[in-house]
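Heads up, the thing below is written out as structure tokens.
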Amino acid sequence: DNSDARRVALDPLRAKGVLELKEVIRYGNTKNVGVILYVNRRALERQLDSLLPLYKSWGVKGLKFGFVQVGSQKWTSWLHEAIRKCARYQMVVDVHDEYRPTGYSRTYPNLLTQEGIRGDEESPTTEHSITTLFTRMIAGAADNTNCYFTSRVDKMGSHTAQMAKAVCIYSPLQFIYWYDHPQWNPLEEFKEADIQEVPELSWYDQLPTTWDETKVLEGQMLDFATIARRKGGDWFVGSLNGTTPRKVKMPLLFLKKGKEYVATIYTHDPAMKTATHVQIKKMNVNFNTVLELMVGSRDGIAVQISPKEKE
Numbered sequence: 376d377n378s379d380a381r382r383v384a385l386d387p388l389r390a391k392g393v394l395e396l397k398e399v400i401r402y403g404n405t406k407n408v409g410v411i412l413y414v415n416r417r418a419l420e421r422q423l424d425s426l427l428p429l430y431k432s433w434g435v436k437g438l439k440f441g442f443v444q445v446g447s448q449k450w451t452s453w454l455h456e457a458i459r460k461c462a463r464y465q466m467v468v469d470v471h472d473e474y475r476p477t478g479y480s481r482t483y484p485n486l487l488t489q490e491g492i493r494g495d496e497e498s499p500t501t502e503h504s505i506t507t508l509f510t511r512m513i514a515g516a517a518d519n520t521n522c523y524f525t526s527r528v529d530k531m532g533s534h535t536a537q538m539a540k541a542v543c544i545y546s547p548l549q550f551i552y553w554y555d556h557p558q559w560n561p562l563e564e565f566k567e568a569d570i571q572e573v574p575e576l577s578w579y580d581q582l583p584t585t586w587d588e589t590k591v592l593e594g595q596m597l598d599f600a601t602i603a604r605r606k607g608g609d610w611f612v613g614s615l616n617g618t619t620p621r622k623v624k625m626p627l628l629f630l631k632k633g634k635e636y637v638a639t640i641y642t643h644d645p646a647m648k649t650a651t652h653v654q655i656k657k658m659n660v661n662f663n664t665v666l667e668l669m670v671g672s673r674d675g676i677a678v679q680i681s682p683k684e685k686e
């Protein structure tokens, strides 16, 4: 056991400090927001059968399992049983740390996602994330712990690359502001990792996490990948680029013939006077359109395409 869970002594049956968890859950329900709790594996192994009925009575919607033990038949069987128990209490599950998917979510779809990926917690390069699409993502959904306002985004690439990851790296449950937090004091200037009201956040407001159709438009390990996904009548496209700047040519042959659409295009522009340097453009498009967009080193492009009558 070499995980950080060794140092966790908190009893998850009891709230600690001034956090009124039941009141937080009640307030969230008024905003149509469910609450998922992180519980480390030591507490899960010791108290899961006590936690589940209690959390259900509080209105908890799911659990994120932390520091689970992986690799052996014993612990894989334990984990699968824990997922089944959560299903009985109508709770979703996100398994964190080293567990990789085995297809178990096909039988128990309350297992929404799992980590088992070198995600943004480790500040991977964009080319590493591209390679992940060809390797780890074959096994199933991945909680990539996407970051957005933290300074590690600049180490990895661009903010538009972060937006593209949310499409390219499939996960029915996504954490798009990992390490980010609300501004502590609204009277002060924004600090590192403060969530800010930048225009492109409307992309995340509308971004689905499950899809009706997926098209891989192009891809080359380490170098680039462009993926389009549809939900209802809307398409979302993510394009990730490695170290060599290039022009992305994106034929929109996946659109319905004879139908007009509006594309909202998000690209990185250092001249933009926002904290994230995201430029937003709109244009009319259809089946015959070929988008041609420049993308820089370790950069990305995000596009939302909606039927014109929705505008």
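Going by my numbering, the residue at position 8 of the sequence shown is 383; the numbering climbs one at a time, nothing skipped.
Note that the Cβ used here is the ideal one computed from N, Cα and C, for glycine as well.
Computed from a predicted structure; not experimentally measured.
In this structure, does DSSP put K656 in helix, strand or coil?
-> strand
DSSP state of F509, grouped into three classes?
-> helix
For L582, I'd like the list of residues in its chain whose CB is within less than 7 Å of its CB, leaving aside the five on either flank, ordered along the chain.
-> A541, F611
Segments of 3+ residues assigned as beta strand (DSSP E) that fall wholly inside the stretch 467-504 = 467-470, 486-489
C-beta contact flag for T664 and A646 at 9 Å | no
Give me whichever residues DSSP pairs with S533 in a beta bridge.
-> Paired residue(s): none; S533 is not in a bridge.
Residues of its chain near K622, where Cβ-Cβ distance is below 8 Å and the 5 sequence neighbours each way are ignored | E667, L668, M669, V670
Tell me which same chain residues have a C-beta within less than 6 Å of the C-beta of Q654, skipping the five on either side of it?
-> T642, D644, M647
Would you kindly report the start and end of the unbroken alpha helix (DSSP H) that includes E398?
-> 396-405
Out of G675, D587, D569, point me to the one whose CA is closest to M531's CA.
-> G675
If you compare alpha carbons, which of I505, G515, L486, H471 is closest to F496?
-> It is Glu, not Phe, that sits at residue 496 in the sequence shown. When each option's Cα is compared against that of E496, the closest is H471.
Excluding sequence positions up to five away, which residues of its chain have a Cβ less than 6 Å from the Cβ of G608?
-> P682
Name the DSSP beta bridge partners of L668, please?
-> V623
Counting pairs of Cβ atoms below 8 Å between the stretch 613-631 and the stretch 574-581, do you hit three or more?
-> no
Touch check for the stretch 561-571 and the stretch 478-496: three-plus C-beta pairs under 8 Å?
-> no
Tell me whether Y402 is buried or exposed, calling it buried when 16 or more other Cβ atoms sit within 10 Å of its Cβ.
-> exposed
Assign A536 to one of two classes, buried (16 or more other C-beta atoms within 10 Å of its C-beta) or exposed (fewer than that).
-> buried
Would you please state the rounded distance, in angstroms, between the beta carbons of T584 and L548? I believe it to be under 8 Å.
-> 7 Å
Helix, strand or coil: which one does DSSP assign to P547?
-> coil
Look at the Cβ atom of R416, then the Cβ atom of G441, and state whether they are nearer than 9 Å.
-> yes
Alpha carbon to alpha carbon, how far is Q595 from V468? Give it in angstroms, no decimals.
-> 32 Å
Answer with buried or exposed for V408, where buried requires no fewer than 16 other C-beta atoms within 10 angstroms of its C-beta.
-> exposed
Grab me the residues of D376's own chain with a C-beta within less than 7 Å of its C-beta, minus the 5 sequence neighbours each way, in chain order.
-> Here D376 scores only 47 on pLDDT, less than 50, and its place in the model should not be relied on; the value that follows carries that caveat. Once the five neighbours on either side are set aside, D376 has no close Cβ partner at all.
Who are the Cβ neighbours of E395 in its own chain at under 8 Å, not counting the five residues just before and after it?
-> none
Could you check if P620 is buried or exposed, using at least 16 other CB atoms within 10 Å of its CB as the buried criterion?
-> exposed
Per-residue DSSP class, three states only, for W578 | helix
Measure how close the beta-carbons of D529 and G494 come, nearest whole angstrom, since I'm counting them as under 8 Å.
-> With 8 Å as the limit, D529 and G494 do not qualify as a contact, their Cβ atoms being about 17 Å apart.
Nonlocal neighbours in the same chain, by C-beta distance under 8 Å from K624, ignoring five residues either side = V665, L666, E667
Would you identify the three-state DSSP class for E684, choosing helix, strand or coil?
-> helix
Residues near E684 by beta carbon distance below 6 Å, same chain, minus five either side | none
First through last residue of the alpha helix (DSSP H) which encompasses K590 | Unbroken run through K590 is the beta strand (DSSP E), 588-595; no alpha helix (DSSP H).
How many whole angstroms separate the CB atoms of T507 and I492, which I take to be in contact at a CB cut-off of 8 Å?
-> 6 Å
Proximity to A660 [Cα-Cα], best of A677, T651, S672, G633 = One detail in the question is off: residue 660 reads as Val in this sequence, not Ala. V660 has its Cα closest to that of G633, out of A677, T651, S672, G633.
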